[in-house]
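Asks: For reference, the structure I am asking about is given below.
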Amino acid sequence: MASKKQKNDNDKHSKKIFPSTRFLMAILLCACFISLSVSTSNISLSIVCMVKQPSNVTKNDLIREVSRIRRNLNDTETILFDEYFNLKVNNNGTDNEIVSFGNNTPEITSCFADKIKKRAYEIGELLEDKRKDLYDYSDKFDSDNQEVDISVEENIKIEPCSESNLLLWTSTDQGIVFAAQNAGSLLMLITGTQADRLNSKWCIVVALILLIISNIIIPLLAGTSFFLVVLARVFTGFSDSFLQPSANSMITRWFPPKERPFVIGLVTGGRQIGTLLILPVAGFLCSRKDILNGWPSIFYLSALIGAFVLVCWLILSADKPSKHFCISKFEQTFIEERLVEENMGKRKDRKKVPWKHILTSKPLWAGVAALICHEYPLVIMLQLLPKYINDILKFSTTANGIVSALPIAVLFISKTLASSLSSMISSRKKGRFLVSRTTLAKIFNFIASLGLGISIALVPLMSSFGNQTGTVVLLCSATFFAGMHSPGVILALVQIAPAYSAFVTGLAFGFVAIFGIINKVLSNYIVQNGSISEWTIVFEISAIVAILPIVFFTIWGSADRQPWASQKFAKTNTDSEITIVSTISTSSLKNNKINPKIVVKPPPIEIPKSISNIMLEENKKNETKNKSAILPPATPSSRLPSCNFDVYLGDTPQGTPRIIINDEQDNETFHKV
Numbered sequence: 001m002a003s004k005k006q007k008n009d010n011d012k013h014s015k016k017i018f019p020s021t022r023f024l025m026a027i028l029l030c031a032c033f034i035s036l037s038v039s040t041s042n043i044s045l046s047i048v049c050m051v052k053q054p055s056n057v058t059k060n061d062l063i064r065e066v067s068r069i070r071r072n073l074n075d076t077e078t079i080l081f082d083e084y085f086n087l088k089v090n091n092n093g094t095d096n097e098i099v100s101f102g103n104n105t106p107e108i109t110s111c112f113a114d115k116i117k118k119r120a121y122e123i124g125e126l127l128e129d130k131r132k133d134l135y136d137y138s139d140k141f142d143s144d145n146q147e148v149d150i151s152v153e154e155n156i157k158i159e160p161c162s163e164s165n166l167l168l169w170t171s172t173d174q175g176i177v178f179a180a181q182n183a184g185s186l187l188m189l190i191t192g193t194q195a196d197r198l199n200s201k202w203c204i205v206v207a208l209i210l211l212i213i214s215n216i217i218i219p220l221l222a223g224t225s226f227f228l229v230v231l232a233r234v235f236t237g238f239s240d241s242f243l244q245p246s247a248n249s250m251i252t253r254w255f256p257p258k259e260r261p262f263v264i265g266l267v268t269g270g271r272q273i274g275t276l277l278i279l280p281v282a283g284f285l286c287s288r289k290d291i292l293n294g295w296p297s298i299f300y301l302s303a304l305i306g307a308f309v310l311v312c313w314l315i316l317s318a319d320k321p322s323k324h325f326c327i328s329k330f331e332q333t334f335i336e337e338r339l340v341e342e343n344m345g346k347r348k349d350r351k352k353v354p355w356k357h358i359l360t361s362k363p364l365w366a367g368v369a370a371l372i373c374h375e376y377p378l379v380i381m382l383q384l385l386p387k388y389i390n391d392i393l394k395f396s397t398t399a400n401g402i403v404s405a406l407p408i409a410v411l412f413i414s415k416t417l418a419s420s421l422s423s424m425i426s427s428r429k430k431g432r433f434l435v436s437r438t439t440l441a442k443i444f445n446f447i448a449s450l451g452l453g454i455s456i457a458l459v460p461l462m463s464s465f466g467n468q469t470g471t472v473v474l475l476c477s478a479t480f481f482a483g484m485h486s487p488g489v490i491l492a493l494v495q496i497a498p499a500y501s502a503f504v505t506g507l508a509f510g511f512v513a514i515f516g517i518i519n520k521v522l523s524n525y526i527v528q529n530g531s532i533s534e535w536t537i538v539f540e541i542s543a544i545v546a547i548l549p550i551v552f553f554t555i556w557g558s559a560d561r562q563p564w565a566s567q568k569f570a571k572t573n574t575d576s577e578i579t580i581v582s583t584i585s586t587s588s589l590k591n592n593k594i595n596p597k598i599v600v601k602p603p604p605i606e607i608p609k610s611i612s613n614i615m616l617e618e619n620k621k622n623e624t625k626n627k628s629a630i631l632p633p634a635t636p637s638s639r640l641p642s643c644n645f646d647v648y649l650g651d652t653p654q655g656t657p658r659i660i661i662n663d664e665q666d667n668e669t670f671h672k673v
C-alpha cells in the first residue's frame, strides 16, 4: 500500500510540474528548430555587413563632386577641404585646376563613396552658407586612411567609414557560402535511413553541438580562410541532417496521429521563430561596431542560443515516452495504445527499408517533388531576402532586418493556423464537410502552391514601380500561402509511412538540399549587379516552380498510410481484423487500473470481414457480460478535438480504447466494444 501511494504521489508531482509531457516535448523540439533556424538565417543578413560591397561610383564621379564644392570656397576653406579629403591640385600654369585624389586615398568602395559624397555635400553647404571659421577638425584619416572623425559647429557629425574587418568575397563566393549549408544537408540521405534505428535524443544532441561549433568558427577564422567559412556552413547543414529526421521520428513515437498536424505546425514553426528573432537583432548588431566589432557578435549570439537549448534538451527530453523521467502512467498508456495500429515496433526490431516499394510509390515521389517545389521559393524568403531588400528597396541595415522578419512572422502564423484547422477538420466523425485526410492535404497544398506562385511572380513587378509597401505586402502574402504546405505535403510525407518517417524525411529533404544548392548558386550567378532585371529572373523561376505541385500532387499525392509502410513482423490484414492491444488482469480491474504493458498479437487465422462483423455484433449484445470479464468500466464516449489545448494539458486521457479495428479508409479510427 505504501509503495502504491508513493507511486501515485510521484505521478501527481509530475503533473504539477509538466501537466502534459508530450506538450513539453513539442516545446523542446520547437526550441531545437529555433536554434537551427537562428544559425541558418544569421548569414543572410550578416553577409550584407561583413562583405565589402562593390561601388558604382568611380573616382572621377567623386572628383567632379568635390570640384563643384571647391569652387564655392575661399582660399582658407579650400586648403582645409583639400586636406580633409586628401586631394591633389595641379594648375599646370593655367586657370584650370586638375583635382585628383592622393596616393593614400582608400579604395573607392560603396561605403567610402557614400561617406565622401555625404560629407562633401554637408561640409560644402555649411561653408558656403556661413563663410566663417566653423571648423574644429579633431582627427583625419586613420592609419588605414579609412576613418574620419570631424566635429563642426551645430553638431554635424557623420559616422566613420570603417571597412578594415570586411571580407573580399565576390558574388560567386557568397553563393558558395550560401550553398555550403545545403551541401551539408545532403547527409540527410544517410541519417534519414538510420534515424529510425538510432536514439533520436542523442542524434539531436549531435545536431546542436555542430551548430555551436559552426557559429564559433566563422567570426574567429573568416579573415584567415574562406575554406573554413564554407566548412562551418557545411557543419550547419550536417546539423539539419541530424535534427530533421530525428525530430520526425520522435513525433511519430510521442504523438497520436490525430495530434500530429498541430504538433508538426508547432515544431517546424521553430524555423520561422528563429529567423524572426535573429534578423532584427542581426540588423541592429551590424550597425554597432562597438559590440564585438559588429557582425561577429551575430554568430557569437547564435552559438549562445544553441548552448542554452542544448542544456535544456539534455535535462528534459527523452527518446520515447517510456524513457521520460516525469511522464505519468496514464499519459504513457494513452500514447502507446494509440500508436499500436501503426506497427512501428521497437527500434532494434527494424527490418530492411522496402526499397522496391519506395522506388515505385507514386504518392511518395509526388510528395517529395511537391516538397522540393515548396522549399525552392522559400530560399529567397529565408536567405536571399535581405540581399534583395538591400539591392532593390534600399533600406538601412536595421530596417532591412525588421522588414526581412515580417514575411517570416506571417509564415509562422499561417503554419500554426492552417495546422490547427486541419487537425480540427480531420477529427470530425459526423456531420457535414467530412473530408478524408488525403483530400484535405490536397486542398491545403493546392491553395498554398497557387497563392505562393502568384505572389512571388508579382513581387518584382511591384518593385519596378518603386512601391516599397506593396512589395513588402506581396512578400508577406507569399509566405502566408507557403504556410499552408504544413498540413499539406509536409503532413502527407509523415503520414504515408509512420514506421519509416525518418527515412522518408531524410530522402525528401536530401533532394531539397540538392535543389537548394542549385537555387543559391544559380541565383547568385544571375544577380551580379543587384539590378531589378536580374532579380526579376530569379523570382519568376521560383514562381513557376511553386505552381508545379498543383498538377502532380493533386493527381498522385496521398496522406494515407501505404501498404508497404507496416513492419513485416506486425503485418495485419488490411480489410478487417480484431487485435487485442492491452492485457488486463483481474486484480487491475478491481482497482480500476490499466496494465500499461502493450501486447500486439496478430490473429492466427484470417477472418472474413462479414464474419468479424457478426462477432462484433454478438459482443455488443453481451456487452455487460464481456466487460465484467475482460474490460475495465466504461469510459465516456465523447472525445476532445486533438488540436484543443485541453488535450495537451489534461490529467486523464479520454476514452482509452481496448480494441482496434483496422480500416483501410481510416487507419486512425478507434472502435470501443
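Just so we're aligned: 428 in the UniProt record's numbering is position 428 of the sequence shown, and the numbers increase by one with no gaps anywhere. C-beta: ideal position from N, C-alpha, C; glycine also.
Taking 9 Å as the threshold (C-beta atoms), are Ile380 and Ser523 in contact?
Replies: Going by C-beta atoms, Ser523 is nearer than 9 Å to Ile380.
Asks: Is there contact here, the segment 227–241 with the segment 253–266, by at least three beta-carbon pairs under 8 Å?
Replies: As far as the Cβ criterion goes, the segment 227–241 does not touch the segment 253–266, which means the pair count is below three.
Asks: Who are the Cβ neighbours of Pro407 in its own chain at under 6 Å, not counting the five residues just before and after it?
Replies: Closer than 6 Å at Cβ, skipping near neighbours: Met381, Leu475, Cys476, Thr479.
Asks: Using three-state DSSP, classify Leu167 as helix, strand or coil.
Replies: Leu167: strand per DSSP, three-state reduction.
Asks: Would you kindly report the start and end of the unbroken alpha helix (DSSP H) that includes Cys203?
Replies: 200–221 is the extent of the alpha helix (DSSP H) around Cys203.
Asks: Give me the Cβ distance between Pro245 and Gly506, rounded to the nearest whole Å; I'm assuming they're in contact under 8 Å.
Replies: About 5 Å; that satisfies the 8 Å criterion.
Asks: For the segment 262–282 and the segment 33–44, state whether three or more C-beta atom pairs, one from each stretch, are separated by less than 8 Å.
Replies: The segment 262–282 vs the segment 33–44: in contact.
Asks: Do Ala31 and Trp313 have their C-beta atoms closer together than 9 Å?
Replies: Yes. Within cutoff.
Asks: What's the gap between the Cα of Trp355 and the Cα of Glu540?
Replies: Rounded to the nearest angstrom, the two C-alpha atoms are 36 Å apart.
Asks: Compare the C-alpha of Ser427 against each of Pro280, Phe262, Ile550 and name the closest.
Replies: Nearest option by C-alpha distance: Phe262.
Asks: Using 9 Å as the threshold, is the C-beta distance between Leu29 and Gly270 below it?
Replies: For Leu29 and Gly270, yes; Cβs fall inside 9 Å.
Asks: If we count the other Cβ atoms within 10 Å of its Cβ and call it buried at 16 or more, is Lys590 buried or exposed?
Replies: Because Lys590 carries a pLDDT of 42, less than 50, the predicted location of this residue cannot be relied on, and the following value inherits that uncertainty. It counts as exposed.
Asks: How far does the alpha helix (DSSP H) with His374 in it extend, from its first residue to its last?
Replies: Note, His374: alpha helix (DSSP H), 362–379.
Asks: Below 7 Å CB to CB, which residues in the same chain sit around Ile547 once its five sequence neighbours on both sides are set aside?
Replies: Correct list, in chain order: Ser449, Leu450, Gly453.
Asks: Measure the alpha-carbon distance for Pro377 versus Tyr388 and round it to whole angstroms.
Replies: Answer to the nearest angstrom: the Cα atoms are 14 Å apart.
Asks: Please state if the CB of Gly557 and the CB of Ala457 are separated by a distance shorter than 9 Å.
Replies: Cβ distance not < 9 Å, so Ala457 and Gly557 don't count as in contact.
Asks: Just curious, the alpha helix (DSSP H) that Ile34 is in, first and last residue?
Replies: Residues 21–50.
Asks: When you compare each of Ile490, Phe515, Phe446 to Phe481 by their alpha carbons, which one comes out closest?
Replies: Phe481 has its Cα closest to that of Phe446, out of Ile490, Phe515, Phe446.
Asks: Between Ala179 and Ile517, which are expected to be in contact by the criterion C-beta below 8 Å, what is the C-beta distance as a whole number of angstroms?
Replies: Yes, they are in contact, since the Cβ atoms of Ala179 and Ile517 sit about 4 Å apart, within 8 Å.
Asks: For Leu393, collect the residues of the same chain with a Cβ closer than 6 Å to its Cβ; drop the 5 residues on either side in sequence, then sort them by chain order.
Replies: For Leu393, where only same-chain residues beyond five positions count, the Cβ hits under 6 Å are Gln468.
Asks: Arg22 to Gln332, Cα distance in whole Å?
Replies: Distance between the alpha carbons of Arg22 and Gln332: 9 Å.
Asks: Can you round the beta-carbon distance between Gly237 and Tyr525 to whole angstroms, since I take them to be within the 8 Å contact cut?
Replies: Between Tyr525 and Gly237 the Cβ distance is about 20 Å, and since that is not below 8 Å, they are no contact.
Asks: Could you give the residue range of the alpha helix (DSSP H) that holds Asp240?
Replies: 226–254 is the span of the alpha helix (DSSP H), which, as asked, contains Asp240.
Asks: Can you tell me which of Ser185, Trp535, Thr398, Tyr500 puts its alpha carbon nearest to the alpha carbon of Ser464?
Replies: Considering only alpha carbons, the answer is Trp535.
Asks: Which residue wins for smallest C-alpha separation from Ala232, given the options Ser225, Leu371, Ile218?
Replies: Ala232 has its Cα closest to that of Ile218, out of Ser225, Leu371, Ile218.
Asks: Enumerate in chain order the residues of its own chain whose CB-to-CB distance from Asp319 is below 6 Å, with the five nearest sequence positions on each side excluded.
Replies: Asn199, Ser200, Lys201.
Asks: Considering just the uninterrupted stretch of the alpha helix (DSSP H) at Gly270, what are its terminal residues?
Replies: Start and end: 260–286.
Asks: Given a threshold of 16 other Cβ atoms within 10 Å of its Cβ, counted over all protein chains shown, does Thr224 qualify as buried or as exposed?
Replies: The residue is exposed, with fewer than 16 neighbouring Cβ atoms inside 10 Å.
Asks: Compute the Euclidean distance between the alpha carbons of Ile372 and Trp254, then round it to the nearest angstrom.
Replies: Distance between the alpha carbons of Ile372 and Trp254: 27 Å.
Asks: Runs of 4 residues minimum, wholly inside the segment 465–516: which ones carry the alpha helix (DSSP H) assignment?
Replies: With a minimum length of 4 residues, the continuous alpha helix (DSSP H) runs that stay inside the segment 465–516 are 468–482, 491–495.
Asks: Going by the CB atoms, is the gap between Val489 and Phe412 shorter than 9 Å?
Replies: For Phe412 and Val489, no; Cβs fall outside 9 Å.
Asks: In this structure, how does DSSP classify Asn529 when only helix, strand and coil are distinguished?
Replies: In the structure shown, Asn529 sits in coil (DSSP, three-state: anything other than H, G, I, E or B).
Asks: Which residues bound the alpha helix (DSSP H) around Gln383?
Replies: Premise fails: Gln383 is in no alpha helix (DSSP H) and is neither H nor E.
Asks: Going by the CB atoms, is the gap between Ala369 and Ala559 shorter than 9 Å?
Replies: In this structure, Ala369 does not lie closer than 9 Å to Ala559 by Cβ.
Asks: Whole angstroms are fine: how far does the CA of Phe444 sit from the CA of Ser414?
Replies: Distance between the alpha carbons of Ser414 and Phe444 is about 12 Å.
Asks: According to DSSP, is Arg197 helix, strand or coil?
Replies: Coil, per DSSP.
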